[in-house]
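**Q** Chains as they are written, first to last, in my numbering: chain B, 426 to 897; chain G, 426 to 897.
C-beta atoms are modelled at their ideal positions from N, C-alpha and C, and glycine is treated no differently.
Below: one structure in structure tokens.
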């Protein structure tokens, strides 16, 4: 793919479209848009220019310009992604939606909101909690990520076992297509089979099929009661073996079942200067149940707690008030950040397997850890079979050795995952980070169909090129 | 589109692929495959041949043959569809999955099943209820429809308010593409963002993007308790106005909220020789709540019942045992069948609007009913904003007049629906019945993208042609 450079004339045209103050060309300021939360030295790439448009119409004009001039475009939310999705792989223009952060409508009668993509996800819930409503999209980066990025990646998170992932709550989208048309998909309808479900195709397409400029999200009644259980196990295997049993044995679908191994808890606690009870347990599950009646929630929590104790848990701690709940969840939410401080050289993974296969996965991770002499701490959304195994560079290895080990160990982990019926990303996406592994897990026919869809939407391959798969 | 006829040589080749007994050419037997549950005289079309293959491999060979010879293919499930999706619009070959009805696996540990597409939906639940599990796909035709058809149409039904529609529970598909490749999409994973979500694109694509030959479905813990409320209202408006209030006021998401107007109840009761209490009420809501604790379910039912009485309900009847629940649900399930007996000339519609707009829709339906001097009984999944308004031929009109009125009245209903933020199908699909109205509700850009996707999958347009939209 040959792209053209962003010339002075193009900068002038961009200034004319979005206004001078919304065009960033200063190298120091551009730097912030060259990376996301993947390790910068491996994946970063500088944009030639960043624009911060204020409307779908402005974005449409920019996209038409980019098509005319064959300049690559990269849509960007908060830059909190973990697969390089918002990185301008081929330079060109970054379209940051940071200034498109308005609440267009709160529609209480339909229990929906209409939002711009640059809104911080957590702020949505802050706005509506007094009305007894909530948005069930809940990625771990909820305090910083944008709704637009959540849609692009079909973000998961800590409540997905019960509530599903972001896509379930996206009822409508306004999209600027890769050829610059503005189109509305879906609407305030909870059911719709009018032709192909393009809305759902856009969700999780990592900004390669267009730029979301507006979204209609569905709200749920805010649960009035919530209990978190912190359950300690002797070792990883007994914790992990518990996960499928909660749903099949307890016949309860908890809000979330999070898993943290000893190293993950330790690293996050040190980072937060926090002390959890029994920090020295081999592994922990953080199980949340919620509902609209205290008795029901307590009874569910009790059933799960007993089931855990019958199945080898050392101890079950109950967090039934906001302060203790925040303490335990904060440890869970900050693991990724803590590891980054501890070692900037790491590969945060996002593998997903059938839940009943998790117990078979863990010994394989241990084997790979030993084989390559690297630490592989593991945590994540065990209730969905989605584990953030993380390869951490051994300080004794050179960078050259690390890159070689990383590539080999990843291939081995992904192969093991695939053989267990799993795949390489549950919620972080493929982006540029994992695209070379797509052929390992996707059927060649499936890949070819994806490429054809991309071509149908984006004949010039200008929309977020270099993500998910390469052309030619 | 020019297709070739099915010659004797092709019949021989089909016999070679699926075996002589699986090729139907007898005209009398073919007739059964010429229609679905839409009125036959308007939409039926004879196939040239019907095949009943036993495997994906056989289907793959048939599809390759059809591509080579340019013969149209129509996949068919139980033929219980309501938009002509399984009708061979251009003749050619009907591929009926009726013999592909095996249970491949019941995976209790992952709470999933692997099934062939020809299995009757209700039989799935019969198989697993003793294990305390259930499949939440629940179309009204659950006792006759096939899983494959439910996937093709993304079927909704009576439990969608709480559980969502069929697509939410389809974890994986095996698909024979329109060019004859066999591909696996998804798997036993509850989260997956590995590239575009092709599985979700296939769901609801009405058999135009391939033939599903296997599906992995997700099961849920079977609720132990269930209460149905039959709530009587003076008139349609007060019943319909209640619907959004249950969720916003009661902060409860019931399993389902079904609506039946007086004429629908009367017709179904006569058909079943059934007598519901207060059959003379102007309209009824049938509200179901379920859960795993009797106290919770009873409390939810009580809250909803009180809310209804505060908002003008005449009476609330509680059906809390299997016999009475089956009685009221049977009336609801048999409305469509009853109307067909009463008048074979009718148009069963499937419009969907934002739930808060239902009260505005009803007077419009009444206006259209008066204007064209036809009855427009109305019933359906009010909790989803999805109403089966049905145009019934006035016996005083000639067939010619009826077809003219039907076309005009439909256009008017669809326009009203669109103006309220709705669309023309919530769960029955577009098929051949509604394709001429696609341009009324879909953005031209959206339609163009759909056509491009169809072309990318099916370059020769042999897979269920004449459905959703036409090509030149």
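#1: Looking at the secondary structure, which residues open and close the beta strand (DSSP E) in which residue 805 of chain G lies?
#2: Once you ignore the five residues that flank residue 658 of chain B on each side, which residues in its own chain have a CB closer than 8 Å to its CB?
#3: Could you tell me which chain G residues have their CB closer than 7 Å to the CB of residue 640 of chain B, listed as they occur along the chain?
#4: Relative to chain G, which residues along the region 684-696 of chain B have a C-beta separation below 8 Å, given in chain order?
#5: Can you tell me the Cα-Cα spacing of residue 753 of chain B and residue 680 of chain B, whole angstroms?
#6: Should residue 443 of chain G and residue 474 of chain G be called a contact, given that it needs their Cβ atoms to be closer than 8 Å?
#7: By the criterion of Cβ-Cβ separation under 9 Å, what are the contact partners of residue 750 of chain B in chain G?
#8: Kindly examine the ligand NAP and report whether one of its heavy atoms sits closer than 7 Å to the Cβ of residue 816 of chain G.
#9: Note down, one range per segment and in chain order, each beta strand (DSSP E) of at least 3 residues found wholly within the region 654-693 of chain G.
#10: Considering just the uninterrupted stretch of the alpha helix (DSSP H) at residue 721 of chain B, what are its terminal residues?
#11: Taking the alpha helix (DSSP H) that residue 573 of chain G falls in, what are its first and last residues?
#12: Please confirm if residue 669 of chain B has its CB atom under 8 Å from at least one CB of chain G.
#13: Have a look at B/805, B/785 and B/800 and flag the residue whose alpha-carbon is nearest the alpha-carbon of residue 662 of chain B.
#14: Three Cβ pairs or more, each shorter than 8 Å: is that satisfied between the region 758-775 of chain G and the region 807-825 of chain G?
#15: Closest by CA to residue 685 of chain G, which one among G/764, G/449 and G/720?
#16: Give the straight-line distance between the Cα atoms of residue 495 of chain G and residue 472 of chain G, rounded to the nearest whole angstrom.
#17: Under the DSSP definition of a beta bridge, which residues are partnered with residue 713 of chain G?
#18: So the candidates are G/586, G/634, G/758 and G/646; which of them puts its Cα closest to the Cα of residue 677 of chain G?
#19: Alpha carbon to alpha carbon, what distance is there between residue 814 of chain B and residue 550 of chain B?
#20: Which residues, in chain order, does the region 580-607 of chain G contribute to contact with chain B at a C-beta distance below 7 Å?
#21: With 8 Å set as the bound, which would you pick, yes or no: does the beta-carbon of residue 717 of chain B sit closer than that to a beta-carbon of chain G?
#22: Alpha carbon to alpha carbon, what distance is there between residue 871 of chain B and residue 605 of chain B?
#23: Would you decide whether residue 564 of chain B is buried or exposed? Buried here means 16 or more other CB atoms lie within 10 Å of its CB.
#24: What does residue 744 of chain B pair with, by DSSP beta-bridge criteria?
#25: Based on the DSSP secondary-structure assignment, which residues constitute the bridge partners of residue 532 of chain G?
#26: Residue 621 of chain G touches chain B at which residues, Cβ-Cβ below 7 Å?
#27: With a threshold of 8 Å between beta-carbons, can residue 812 of chain G be considered close to chain B, or not?
#28: Which residues, in order along the region 710-735 of chain G, keep a beta-carbon less than 9 Å from a beta-carbon of chain B?
#29: Is the separation between the beta-carbon of residue 675 of chain G and that of residue 607 of chain G shorter than 8 Å?
#30: For the alpha helix (DSSP H) that contains residue 834 of chain B, what are its first and last residues?
#31: Is it the case that the Cβ atoms of residue 841 of chain B and residue 810 of chain B are separated by a distance below 8 Å?
#32: Going by C-alpha distance, which of B/509, B/515, B/484 and B/480 is nearest residue 497 of chain B?
#33: Is residue 650 of chain B near residue 744 of chain B, with beta carbons less than 8 Å apart?
#34: Please state the DSSP three-state secondary structure of residue 590 of chain B.
#35: Using the beta-carbon of each residue, which ones in chain B are nearer than 8 Å to residue 893 of chain G?
#36: Using a beta-carbon distance cut-off of less than 8 Å, what residues from the region 793-813 of chain B approach chain G?
**A** Judging by the given coordinates:
#1: 804-806
#2: 664, 667, 706, 707, 708, 709, 710, 737, 738 and 739
#3: Going along chain G, no residue has its Cβ under 7 Å from residue 640 of chain B, so there is no contact; the nearest lies around 15 Å.
#4: none
#5: 15 Å
#6: no
#7: The premise fails here: residue 750 of chain B is roughly 21 Å from chain G at the closest Cβ pair, so nothing lies under 9 Å.
#8: Judged by which ligands are present, the structure shown has none, so any question about the ligand NAP falls away.
#9: 681-686
#10: 719-735
#11: 572-578
#12: yes
#13: B/785
#14: yes
#15: G/764
#16: 15 Å
#17: G/653 and G/681
#18: G/586
#19: 29 Å
#20: 581, 585, 590, 602 and 606
#21: yes
#22: 27 Å
#23: buried
#24: B/653
#25: G/537
#26: 626, 630, 875 and 878
#27: no
#28: 716, 717, 718, 720, 721, 724 and 725
#29: no
#30: 824-844
#31: no
#32: B/515
#33: no
#34: coil
#35: 620 and 621
#36: 806, 809, 810 and 811
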